[in-house]
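Notes follow once the structure below has been shown.
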Amino acid sequence: MECNQALLEQFQIAGRYIDISELKRGHIHDTYVSRWNQGNLEASYVHQKLNRNVFADVPGVMGNVERVLAHLDSYKEKLNEVGDERRVRLIYAANGAPFFQAPDGTCWRTYEFVPRTTSFLICDDAKLAFDAARACGYFQKSLCELRAEDFTIVIPHFTDMEKRYEALQTAIEADVVNRVGHVEQELRSLMAHADSFGLVNRAIENHEIPERVTHNDLKYNNVLFDKISKRAICVVDLDTCMSGSILYDYGDLLRTTATRAAEDEQDLSQVLVDLEYLAALTSGYLEPLASVLTSKERDLLPIMPAFVTRMIGVRFLTDYIQGDKYFKTHYPDHNLVRARSQFKLADEFKMYEEQIYKLLGAF
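Its first residue numbered 1143, the sequence shown is counted upward by one per residue in the working numbering.
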């Protein structure tokens, strides 16, 4: 089903429809923004066709989202440094469900467009990095009050490096589009790190670190900033909120923010870690969270930027070998370019682990 006025009328939106346009962001869902006249005001809404190849259990996804949003509505502490209460709000379907399933089987959902906000793909200011990380820290601290067992696992083993590596091996064996021959160097490089892939899993299994409700996709572009003040307001894209580890979210936040290079930078000489950003992100994230971290989480935190970045590289490489089934691509080798960029960035992060240890000493 197309995203048009007839579809939007399936949601509880007041006012007169004006228009709709596609919002070209994100790797997973198809996203649109509509405008509505509501008396003397104009309101905007975000509509998404959920990618069921990625999220097969739509009720499970939306149940998790509802649970997080309800908790944030009742949360007594602040969620950002400025006390701003703007955040994601779900618009229910006419039948009261959190999503609408069209006759063709496609599933759609609607959110209020968070007013007067913007997001950025690449960080160009250490102050923004600090503020984004602090908002992420406040968000994660709020989630620590929730029970992980109450959440549906919407993507099994989503942050499990061992399972990701197993999936890569399966893709290599199948080689369905004859691409393995193009990535032999990348595969040899990964083999050198394979012994460390189970490190976090063992810590969880041995109850050395807790499983918590976490975001699990905590990227810089999932933080909304006020358009004028550029202060971080809220965290968005809650589809993967489920059982996980704070460690992964810290690593992913640095992966997407502590470099000025794009995720798909082709010139690997430009893929570098910015030490000022790394320090700002670590300090911002830990300011709200330091009191809830266990000693083992502190011990493992410095290795996580390299660990998570390499894991994301494995995911891109797996998708490339499988014929680009998961991530949206814009040219034939896009996922391979992404993988190479992430592997280079992971190597860069390895050189800064001692600096992260030193930063932890301030908390």
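Just so it is clear, CB atoms sit at the ideal spot from N, CA and C, and this is done for glycine as well.
What's the C-alpha gap between Glu1353 and Val1188?
Here residue 1353 corresponds to residue number 211 of the sequence shown, with the count starting at 1. Here residue 1188 corresponds to residue number 46 of the sequence shown, with the count starting at 1. Each residue's Cα considered, the two are about 31 Å apart.
If contact is defined by three or more beta carbon pairs under 8 Å, each pair taking one atom from either stretch, is the stretch 1318–1330 in contact with the stretch 1236–1253? no
| task | Can you tell me the Cβ-Cβ gap for Phe1449 and Phe1458, rounded? I've got them flagged as a contact below 8 Å. | result | As a working note, residue 1449 is residue 307 in the sequence shown. As a working note, residue 1458 is residue 316 in the sequence shown. About 15 Å separates the two Cβ atoms, so there is no contact after all.
Gln1152 in three-state terms, based on DSSP: Taking the first residue of the sequence shown as position 1, residue 1152 is located at position 10. Note: Gln1152 maps to coil in three-state DSSP.
For Met1303, is the classification buried or exposed, using 16 other Cβ atoms within 10 angstroms of its Cβ as the cut-off for buried? Position 161 of the sequence shown, counted from the start, is the residue given in the question as residue 1303. Result: buried.
Per DSSP, what kind of secondary structure is Val1296 in: helix, strand or coil?
As a first step, residue 1296 must be located in the sequence shown, where it is residue number 154. Three-state DSSP puts Val1296 in coil, outside helix and strand.
Quiz item: Cβ atoms of Asp1391 and Cys1278: under 9 Å apart, would you say?
Solution: As a first step, residue 1278 must be located in the sequence shown, where it is residue number 136. As a first step, residue 1391 must be located in the sequence shown, where it is residue number 249. A contact, by the Cβ cut-off of 9 Å.
Along the beta strand (DSSP E) that carries His1189, what are the first and last residues, could you check? In the sequence shown, counting from the first residue as 1, residue 1189 sits at position 47. Note, His1189: beta strand (DSSP E), 1183–1191.
### Query
For Pro1201, which option in Tyr1499, Ile1388, Thr1382 has the closest C-alpha, if you only look at C-alpha atoms?
Within the sequence shown, the letter at position 59 stands for residue 1201. Cα-wise, what sits closest to Pro1201 is Thr1382.
Beta-carbon proximity list for Asn1193, same chain, < 7 Å, skipping 5 on both sides: If you number the sequence shown from 1, residue 1193 lands on position 51. Only Ile1170, His1171 meet the Cβ criterion.
Requested in this report: Give the straight-line distance between the Cα atoms of Glu1291 and Lys1283, rounded to the nearest whole angstrom.
Outcome: Position 149 of the sequence shown, counted from the start, is the residue given in the question as residue 1291. Position 141 of the sequence shown, counted from the start, is the residue given in the question as residue 1283. Each residue's alpha carbon lies about 17 Å from the other.
I'd like to check one pair, Ala1274 with Val1365: are the Cβ atoms closer than 9 Å? As a working mapping, residue 1365 is identified with position 223 in the sequence shown. As a working mapping, residue 1274 is identified with position 132 in the sequence shown. Cβ distance < 9 Å, so Val1365 and Ala1274 count as in contact.
### Query
Is Val1450 helix, strand or coil by DSSP?
The residue you call residue 1450 lines up with position 308 of the sequence shown. Residue state, collapsed to three classes: helix.
| Since Thr1173 contacts Leu1183 with CB under 8 Å, what's their CB separation in whole angstroms? | Numbered from its first residue, the sequence shown carries residue 1173 at position 31. Numbered from its first residue, the sequence shown carries residue 1183 at position 41. No, Thr1173 and Leu1183 are not in contact; Cβ-Cβ is about 23 Å, not under 8 Å.
*Per DSSP, Ala1374 forms a beta bridge with which residues?*
The sequence position of residue 1374 within the sequence shown is 232, counting from 1. Ala1374 pairs with Phe1367.
Identity of the residues DSSP links to Met1384 by a beta bridge = Here residue 1384 refers to the residue found at position 242 when the sequence shown is read from its first residue. Thr1356, per the DSSP bridge assignment.
**Item:** Local conformation of Tyr1494 per DSSP, three classes
**Value:** Position 352 of the sequence shown holds residue 1494. The answer is coil: DSSP assigns Tyr1494 none of H, G, I, E or B.
- Query: Is Ala1421 near Leu1501, with beta carbons less than 9 Å apart?
  - Reply: Locating residue 1421 in the sequence shown gives position 279, where the first residue counts as 1. Locating residue 1501 in the sequence shown gives position 359, where the first residue counts as 1. It is a contact, given that the beta carbons lie within the stated cut-off.
Quick check on Thr1424: does DSSP put it in helix, strand or coil? Walking along the sequence shown from the start, residue 1424 turns up at place 282. Residue state, collapsed to three classes: helix.
Cutting at 8 Å between CB atoms, please list the residues of its own chain near Gln1464, excluding the five before and the five after it. Here residue 1464 refers to the residue found at position 322 of the sequence shown. Excluding sequence neighbours, Gln1464 sits near Ala1313, Ala1316, Val1318, Val1319.
(request) Would you give the residue range spanned by the beta strand (DSSP E) that Val1210 belongs to? (result) Along the sequence shown, one-based indexing puts residue 1210 at 68. That residue, Val1210, is in no beta strand (DSSP E); its alpha helix (DSSP H) goes 1200–1216.
* Rounded separation between Ala1239 and Arg1158 - CA only -> In the sequence shown, the residue the question calls residue 1239 occupies position 97. In the sequence shown, the residue the question calls residue 1158 occupies position 16. Each residue's alpha carbon lies about 22 Å from the other.
Just how far apart, CA to CA, sit Gly1426 and Lys1372? The count along the sequence shown starts at 1 and reaches residue 1426 at position 284. The count along the sequence shown starts at 1 and reaches residue 1372 at position 230. If I take the Cα positions, the gap works out to 15 Å.
Nearest neighbour of Asp1199, chosen from Thr1294, Arg1251, Glu1429 [CA to CA]:
For the purposes of this step, residue 1199 is taken as the residue at position 57 of the sequence shown. Among Thr1294, Arg1251, Glu1429, the Cα nearest to that of Asp1199 is on Thr1294.
**Enclosing alpha helix (DSSP H) for Ser1437 [first to last residue]** = For the purposes of this step, residue 1437 is taken as residue 295 along the sequence shown, with counting starting at 1. Run containing Ser1437: 1437–1442, per the alpha helix (DSSP H) assignment.
Sort Ala1309, Ser1331, Leu1360 by Cα distance to Leu1395 and report the nearest one. Position 253 of the sequence shown holds residue 1395. Of the candidates Ala1309, Ser1331, Leu1360, the one whose C-alpha sits nearest the C-alpha of Leu1395 is Leu1360.
>> If I follow the unbroken alpha helix (DSSP H) through Thr1312, where does it start and stop?
In response: Mapped onto the sequence shown, residue 1312 falls at position 170. Looking at the DSSP string, the run of the alpha helix (DSSP H) that includes Thr1312 is 1303–1316.
* **Helix, strand or coil at Ile1233 [DSSP, three-state]** => Here residue 1233 is taken as the residue at index 91 of the sequence shown, counted from 1. DSSP places Ile1233 in strand when its eight states are reduced to three.
>> With H, G and I counted as helix, E and B as strand and the rest as coil, what does DSSP make of Val1342?
In response: As a first step, residue 1342 is located in the sequence shown; it is residue number 200 there, counting from the start. In the structure shown, Val1342 sits in a helix (DSSP, three-state: H, G or I).
My output table needs one value for Glu1407: the three-state DSSP class, helix, strand or coil. Here residue 1407 refers to the residue found at position 265 of the sequence shown. Coil.
task = Compute the Euclidean distance between the alpha carbons of Val1207 and Ala1268, then round it to the nearest angstrom.
result = By one-based count along the sequence shown, residue 1207 stands at place 65. By one-based count along the sequence shown, residue 1268 stands at place 126. If you take the alpha carbons of Val1207 and Ala1268, they lie about 30 Å apart.
*Identify which residue in Met1333, Tyr1234, Ala1403 has its Cα closest to the Cα of Asp1266.*
Start at 1 with the first residue of the sequence shown, and residue 1266 comes out as number 124. Nearest option by C-alpha distance: Ala1403.
Checklist entry - Leaving out five residues before and five after Ala1345 in sequence, what residues of the same chain have Cβ atoms less than 8 Å from its Cβ? => result As a first step, residue 1345 is located in the sequence shown; it is residue number 203 there, counting from the start. Ile1351, Lys1438, Leu1442.
query = How far does the alpha helix (DSSP H) with Glu1328 in it reach, from first residue to last?
reply = Position 186 of the sequence shown, counted from the start, is the residue given in the question as residue 1328. 1326–1333 is the extent of the alpha helix (DSSP H) around Glu1328.
query = Skipping 5 residues on each side, what residues in its chain have a beta carbon closer than 6 Å to that of Arg1096?
reply = Examination of residue 1096 is not possible in this model, given that the chain is present from 1143 through 1505 alone.
* Asked: When DSSP labels each residue in this structure, what does Leu1165 get in the three-state scheme?
  -> Here residue 1165 refers to the residue found at position 23 of the sequence shown. Residue state, collapsed to three classes: strand.
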